[in-house]
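In our numbering, the protein residues as written are 4 to 486. The beta carbon of each residue, even a glycine, is placed where N, CA and C say it ideally should be.
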Ligand SMILES: Cc1cc2nc3c(=O)[nH]c(=O)nc-3n(C[C@H](O)[C@H](O)[C@H](O)COP(=O)(O)OP(=O)(O)OC[C@H]3O[C@@H](n4cnc5c(N)ncnc54)[C@H](O)[C@@H]3O)c2cc1C
């Protein structure tokens with residue numbers, strides 16, 4: 004027994020006794036675990052849910068509660084956006100970039116409208132209106148916002164743009180807590196046997212089948228028999244320094260991990276029985292540089308004065324491309340017509356000012372003719388309404404020619420580049436955990452940020468993709484584990 008851990012499963016033959024027996028055992032009570040529990044219970048299974056904290060929540064409860072949904076929702080149609088399943092699915096695939104899981108995009112593309120209805124059926128409220136403009140989260144109770152790079156190149160050419168971020172009806176930031184509370188009520192109403200302060204430390208296997216859990220409760224090991232299946236819903240690994248060092252070293256360029264103690268244990272539990280882990284180098288990041296929204300008119304340059312992105316992309320894509328740049332910082336260039344004080348939380352400082360772009364360049368100690376040439380080229384074409392380098396679109400594309408000028412510094416070490424990991428267990432579109440050969444591991448399911456799912460590629464992340472993935476594939480995991 005003592006040899007079992009999250010790296011080594013316990014053989015059923017060595018289980019001293021069973022403390023609990025159930026059909027489906029779920030690990031983690033964030034959005035993923037809650038949705039898995041609801042579906043498993045509705046499929047008629049006896050369900051136990053184990054959560055290491057003293058209550059539900061996880062990163063899900065810290066979130067904005069925004070879910071990426073398309074294909075023609077009531078909110079989209081009411082606002083005049085005739086989104087189609089084809090365009091929505093095409094965008095999901097583009098957002099996955101080189102890490103895309105085509106099967107997951109296609110099933111979610113087809114079933115997202117039904118999933119939206121399911122969320123409403125659980126009691127999740129939506130006001131149904133559209134909030135235009137560039138916002139990170141609505142501060143009123145609006146529903147529909149632009150939450151990705153849909154209207155920016157190169158996405159706009161390949162999938163007809165539509166806003167798809169759907170936010171729970173809730174005033175202010177932080178719709179994740181009410182979202183989880185509503186899901187928790189459903190879980191409780193369905194009679195799921197919930198154990199909090201219960202930390203899963205190992206899987207139990209019966210030959211090649213996952214057959215249960217070792218759970219630490221009241222400082223003792225408890226042995227849980229899961230007759231039909233185990234669902235891992237434990238979140239990512241952004242707070243596990245050793246895993247980040249091993250798999251995701253680029254994330255050490257920035258300093259503000261977000262989540263709820265995400266330690267990657269679900270990934271390691273899956274690996275302990277042969278599960279594959281993929282795209283472990285991928286992470287989402289964003290620095291809130293679009294607050295206030297005027298700032299989005301700016302131009303980003305790296306430390307050698309060169310642009311690297313069309314700034315009308317989603318703030319997370321711009322931020323992720325920013326930290327690919329050399330030198331530990333990038334600059335956001337603005338003229339007096341578009342400058343307002345940055346959001347304090349962002350930790351963005353003024354690094355240089357000038358009456359001309361040449362003066363700003365000199366103040367930033369860049370070689371003469373670098374930043375100034377970038378801005379001369381940019382402004383010349385912006386006056387003509389085009390951006391030949393990156394295809395930034397109007398109305399975000401404006402000449403920056405009203406002196407004085409300013410360079411804001413987004414410093415990778417000191418500015419607020421919040422981030423969380425995207426890599427995890429490889430799962431099928433039915434949420435089965437797959438081994439390195441692509442074969443399902445009997446009895447083991449997983450979803451959410453302990454898996455690689457819809458938000459697979461940091462450079463393509465759009466707000467709402469993670470909770471879409473967690474809630475939708477959490478449901479698949481629970482339903483299929485109950486079979
Ligand atoms: C501030 C913030 C805002 C965000 N906003 C959005 C947004 O608006 N839209 C969006 O799509 N995404 C958003 N995200 C990302 C999103 O919230 C997360 O990626 C997602 O909620 C992860 O859900 P999960 O169910 O996989 O993990 P979690 O919600 O973290 O749940 C995992 C649970 O498992 C438990 N657990 C872990 N290990 C064990 C163990 N060994 N035994 C028992 N229990 C265990 C944890 O305690 C936790 O409760 C945001 C994230 C943050 C931090």
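What are the start and end residues of the alpha helix (DSSP H) that includes residue i?
i, result
"residue 369", "Unbroken run through residue 369: none, as it is neither H nor E."
"residue 274", "268-275"
"residue 209", "Residue 209 -> not in any alpha helix (DSSP H); beta strand (DSSP E) instead, spanning 201-209."
"residue 322", "318-325"
"residue 375", "374-386"
Tell me where the beta strand (DSSP E) around residue i begins and ends.
i, result
"residue 51", "50-53"
"residue 83", "Run containing residue 83: none; DSSP gives neither H nor E here."
"residue 225", "223-235"
"residue 118", "Where residue 118 is concerned, there is no enclosing beta strand (DSSP E), although the alpha helix (DSSP H) it sits in stretches over 105-124."
"residue 408", "408-414"
Relative to the alpha-carbon of residue i, which residue among the options has its alpha-carbon at the smallest distance?
i, options, result
"residue 273", "422, 238, 306", "238"
"residue 59", "298, 313, 477, 185", "185"
"residue 423", "260, 245, 180", "260"
"residue 381", "477, 367, 474, 311", "311"
"residue 198", "23, 391, 12", "23"
"residue 315", "297, 90, 328, 326", "297"
"residue 324", "404, 293, 461, 69", "461"
"residue 169", "158, 159, 145", "145"
"residue 459", "192, 427, 440, 434", "427"
"residue 293", "193, 194, 84, 150", "150"
"residue 407", "338, 84, 396", "338"
"residue 164", "88, 191, 442", "88"
"residue 348", "377, 374, 419, 147", "419"
"residue 99", "139, 479, 456, 486", "456"
"residue 178", "39, 342, 40, 65", "65"
"residue 329", "472, 319, 307", "307"
"residue 321", "291, 346, 350, 345", "291"
"residue 131", "123, 137, 138", "123"
"residue 485", "219, 42, 385", "42"
Assuming residue i contacts residue j under a Cβ cut-off of 8 Å, what Cβ separation, rounded to an integer in Å, is found between them?
i, j, result
"residue 281", "residue 429", "5 Å"
"residue 204", "residue 8", "7 Å"
"residue 3", "residue 394", "Residue 3 falls outside the range modelled here, since the chain spans only 4 to 486, and no answer is possible."
"residue 266", "residue 240", "6 Å"
"residue 94", "residue 48", "Not a contact, Cβ separation roughly 35 Å."
"residue 216", "residue 53", "7 Å"
"residue 234", "residue 481", "6 Å"
"residue 275", "residue 10", "5 Å"
"residue 196", "residue 51", "5 Å"
"residue 444", "residue 409", "So it is not a contact: roughly 55 Å between Cβ atoms."
"residue 97", "residue 372", "That pair is no contact at about 36 Å."
Quick check on DSSP: helix, strand or coil for residue i?
i, result
"residue 332", "strand"
"residue 484", "helix"
"residue 254", "helix"
"residue 445", "strand"
"residue 260", "strand"
"residue 419", "coil"
"residue 26", "strand"
"residue 4", "Confidence at residue 4 is low in this model, with a pLDDT of 46, below 50, so the placement of that residue is unreliable and no value is reported for it."
"residue 289", "strand"
"residue 165", "coil"
"residue 314", "coil"
"residue 220", "strand"
"residue 89", "helix"
"residue 171", "coil"
"residue 439", "coil"
"residue 11", "strand"
"residue 337", "strand"
"residue 196", "strand"
"residue 71", "strand"
"residue 41", "helix"
"residue 474", "helix"
"residue 213", "strand"
Measuring only between beta-carbons, confirm whether residue i sits less than 8 Å from chain D.
i, result
"residue 43", "The structure shown contains no chain D, having only a single protein chain."
Check whether the region 61-78 touches the region 101-120, taking contact to mean three or more Cβ pairs, one atom from each stretch, closer than 8 Å.
-> yes
Indicate whether the contact test is met: 3 or more Cβ pairs, each with one atom in the region 447-457 and one in the region 32-51, closer than 8 Å.
-> yes
Decide if the region 99-109 is in contact with the region 47-59; the criterion is three or more beta carbon pairs, one per stretch, under 8 Å apart.
-> no
Counting Cβ pairs, one atom from each stretch, are 3 or more of them under 8 Å apart for the region 332-340 and the region 406-419?
-> yes
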